[in-house]
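Undergrad: Got a structure for you, questions after.
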Amino acid sequence: MTNPVAMAEVWRDPFLESVHHGHAVVCDDTGQIVQTWGDPHKMILPRSSAKMIQALPLIESGAADAYGLGTEHLALACASHNGAAIHTDRVTKWLDYLGLNDSDFRCGPQEPDDRDARNALIRAHESPCQMHNNCSGKHSGFLTLNKHLGTGPDYVDPDHAVQRACLEAFERVTGESSPGFGIDGCSAPNFATSLHGMARAMSHFAAAPTGSAEERLRSAMMLHPDLVAGEGRACTNLMRAMGGKVAIKTGAEAFFIAIIPELKMGVALKIDDGGTRAAECAIAAILVKLGVLEPDHPETLKYLNAPIRNRRDLVTGAVRAAPALV
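Quick look at the structure:
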């Protein structure tokens, strides 16, 4: 096993205060490793970075076309959204069209990360519902597939036909048999693979031909970065900065992926300590290194050499990419 490498550093004035270590892999369209940091064989749970894989059966089964899903629906199926109105309004309409409602979800309620949505709930003396869950788009996709298959309501059960289809897709695109799963925050199984396997899957998405399920999903993400995450989020900000040419997606516990069609490359990244600030910094550094993100773009600078400010708004330090990534 290869030891993790330093990927992000936190500086306070002239002092190196903290270091985040992790692993990353870049694969080409053959699934071979182009560049690696740390251990490419590290077994990982990709968490929400796997949502585009979990959405493959939605298209491949014919369900997406049978129910007339467009690019916004597909982007939401891959999303970890803020629970803003632009997200929940679309999810509500999607379920209405299916003849379903909030009670059909199995993802659980979540307070929205969007401040306006959260304040609106407080003013109305209302509680968050499952529509506000950051995974409600993915679960809308699950429900659409479930309705198409005509199977039972507990679609997050690992033995349910929906999740068996997700596992088949996951093992197919990672090129590996999954050793098992953990239950994600939204109650769906999250299948394990190696970091190389996840990067291989993303390169598969990057190289997929026009009209394929993989191409439709990556294109939807790149077309609607605001639906994939939301205002103020790294996924949305960095996809906008790259002009719709790259799809990126975060996952809990500091996971990140990138799908780069013009290079036919995929990236998978894991920070060992679960620090989001480090994952955002590291993925920005790798995207800059690969030439698809401008190093001096204002959105890049929010994550790469990002200033740390105190309560008086004084710059006291910065989060920087470690030398191995520069």
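The numbering of the sequence shown is this note's numbering, which starts it at 154 and goes up by one. All C-beta atoms in this analysis are idealised placements derived from N, C-alpha and C, irrespective of residue type, glycine included.
(1) At which residues does the beta strand (DSSP E) containing M160 begin and terminate?
(2) What would DSSP say about S214, mapped onto helix, strand or coil?
(3) Grouping DSSP H, G and I as helix and E and B as strand, with all else coil, what is E433?
(4) Would the beta-carbon of A474 fall within 8 Å of that of L446?
(5) In terms of residue numbering, what span does the alpha helix (DSSP H) encompassing H349 cover?
(6) Starting from R369, trace the alpha helix (DSSP H) both ways and give me its first and last residue.
(7) Using 8 Å for Cβ pairs, my map puts A322 next to P460. What's the rounded Cβ distance?
(8) Determine the closest residue to G427 out of A437, I439, K417 and A405, with distance taken between C-alpha atoms.
(9) Would the beta-carbon of H234 fall within 8 Å of that of H240?
(10) How would you label R369, buried or exposed, when you count the other beta carbons within 10 angstroms and need 16 or more for buried?
(11) Mind checking N557: buried by the 16 CB within 10 Å criterion, or exposed?
(12) Express the C-alpha separation of N463 and L256 in angstroms, rounding to a whole number.
(13) What are the boundary residues of the beta strand (DSSP E) that includes G470?
(14) L320 and S331 - do their beta-carbons sit closer together than 8 Å?
(15) Taking 8 Å as the CB-CB limit, is I275 close to chain D?
(16) According to DSSP, which residues form a beta bridge with G404?
(17) Identify whether H173 lies in helix, strand or coil by the three-state DSSP scheme.
(18) What does the alpha-carbon distance come out to for the pair R271 and P265?
(19) For M139, name the three-state secondary structure that DSSP assigns.
(20) Are the Cβ atoms of L376 and A238 separated by less than 8 Å?
(21) When you compare the stretch 167-182 with the stretch 406-422, are there three or more beta-carbon pairs, one atom per stretch, that lie closer than 8 Å?
(22) Measuring alpha carbon to alpha carbon, tell me which residue in G328, A435, L443 and L467 is nearest V172.
(23) Does N254 pass the burial test, meaning 16 or more other C-beta atoms within 10 Å, or should it be called exposed?
(24) C180 bridges to which residues according to DSSP?
(25) Can you have a look at D379 and say buried or exposed, based on whether 16 or more other CB atoms are within 10 angstroms of its CB?
(26) Contact between the stretch 342-358 and the stretch 191-199: three or more CB pairs below 8 Å?
(27) In this structure, does DSSP put R271 in helix, strand or coil?
(28) Between A354 and I206, is the Cβ-Cβ spacing less than 8 Å?
(29) Could you please give the first and the last residue of the uninterrupted beta strand (DSSP E) stretch that includes G335?
(30) If you draw a straight line from the C-alpha of V158 to the C-alpha of I439, how long is it?
(31) What's the C-alpha gap between G305 and L296?
TA: Concretely, from the data shown:
(1) Working through the sequence shown from its first residue, we reach residue 160 at position 7. That run of the beta strand (DSSP E) goes V158 to R165.
(2) As a first step, residue 214 must be located in the sequence shown, where it is residue number 61. Looking at S214 - three-state DSSP - the assignment turns out to be coil, as it is neither helix nor strand.
(3) Stepping through the sequence shown from its first residue, residue 433 is reached at position 280. It is helical.
(4) Residue 474 sits at position 321 when you count from the first residue of the sequence shown. Residue 446 sits at position 293 when you count from the first residue of the sequence shown. Contact annotation: A474 and L446 have beta-carbon atoms that are not nearer than 8 Å.
(5) Translated into the one-based positions of the sequence shown, residue 349 becomes position 196. For H349, the uninterrupted alpha helix (DSSP H) segment begins and ends at L348 to A360.
(6) Taking the first residue of the sequence shown as 1, we reach residue 369 at position 216. Note, R369: alpha helix (DSSP H), A366 to L376.
(7) In the sequence shown, the residue the question calls residue 322 occupies position 169. In the sequence shown, the residue the question calls residue 460 occupies position 307. Here A322 is actually not in contact with P460; their C-beta atoms are around 41 Å apart, not less than 8 Å.
(8) Position 274 of the sequence shown, counting from 1, holds the residue named residue 427. Comparing Cα-Cα distances from G427 to each of A437, I439, K417 and A405, the minimum goes to A405.
(9) In the sequence shown, residue 234 corresponds to position 81, counting from 1. In the sequence shown, residue 240 corresponds to position 87, counting from 1. Against a cut-off of 8 Å, the Cβ pair of H240 and H234 comes out as a contact.
(10) Along the sequence shown, read from residue 1 onward, the residue named residue 369 stands at position 216. Within 10 angstroms of the beta-carbon of R369 lie 16 or more other beta-carbons, which makes it buried.
(11) Since the displayed the chain opens at 154 and closes at 479, residue 557 lies outside it and no answer follows.
(12) The residue you call residue 256 lines up with position 103 of the sequence shown. The residue you call residue 463 lines up with position 310 of the sequence shown. A small fix is needed here, since residue 256 is Ser in this sequence, not Leu. Here the alpha carbons of N463 and S256 stand approximately 43 Å from one another.
(13) Stepping through the sequence shown from its first residue, residue 470 is reached at position 317. Segment V468 to A474, the beta strand (DSSP E) holding G470.
(14) Numbered from 1 along the sequence shown, position 178 holds the residue referred to as residue 331. Numbered from 1 along the sequence shown, position 167 holds the residue referred to as residue 320. For S331 and L320, yes; Cβs fall inside 8 Å.
(15) Here chain D cannot be found, since the structure has a single protein chain.
(16) Locating residue 404 in the sequence shown gives position 251, where the first residue counts as 1. DSSP, once it has assigned bridges, lists F408 as partnering G404.
(17) The count along the sequence shown starts at 1 and reaches residue 173 at position 20. H173 sits in a strand when the DSSP states are folded into three classes.
(18) As a working mapping, residue 271 is identified with position 118 in the sequence shown. As a working mapping, residue 265 is identified with position 112 in the sequence shown. Rounded to whole angstroms, the separation of the alpha carbons of P265 and R271 is 6 Å.
(19) Here the chain has residues from 154 to 479 only, and residue 139 is not among them.
(20) Here the question's residue 376 lines up with position 223 in the sequence shown. Here the question's residue 238 lines up with position 85 in the sequence shown. Judged by their CB atoms, L376 and A238 are not nearer to each other than the 8 Å cut-off.
(21) Touching, yes.
(22) As a first step, residue 172 is located in the sequence shown; it is residue number 19 there, counting from the start. Taking only the C-alpha atoms, the option nearest V172 is A435.
(23) Residue mapping note: residue 254 aligns to position 101 of the sequence shown, counting from 1. The residue in question, N254, is exposed, as its Cβ has fewer than 16 Cβ neighbours within 10 Å.
(24) For this step, residue 180 is matched to residue 27 along the sequence shown. Paired residues: I186 and G419.
(25) Within the sequence shown, numbered from 1, the residue matching residue 379 stands at position 226. The residue in question, D379, is buried, as its Cβ has 16 or more Cβ neighbours within 10 Å.
(26) By the Cβ rule, the stretch 342-358 counts as touching the stretch 191-199, because three or more pairs are nearer than 8 Å.
(27) Sequence index remark: in the sequence shown, residue 271 carries index 118 (1-based). Looking at R271 - three-state DSSP - the assignment turns out to be helix.
(28) For the purposes of this step, residue 354 is taken as the residue at position 201 of the sequence shown. For the purposes of this step, residue 206 is taken as the residue at position 53 of the sequence shown. Against a cut-off of 8 Å, the Cβ pair of I206 and A354 comes out as a contact.
(29) Within the sequence shown, residue 335 is the residue found at index 182, counting from 1. Segment F334 to I336, the beta strand (DSSP E) holding G335.
(30) Translated into positions along the sequence shown, residue 158 becomes position 5. Translated into positions along the sequence shown, residue 439 becomes position 286. The C-alpha of I439 is placed about 14 Å away from the C-alpha of V158.
(31) As a first step, residue 305 is located in the sequence shown; it is residue number 152 there, counting from the start. As a first step, residue 296 is located in the sequence shown; it is residue number 143 there, counting from the start. So the two alpha carbons sit approximately 10 Å from each other.
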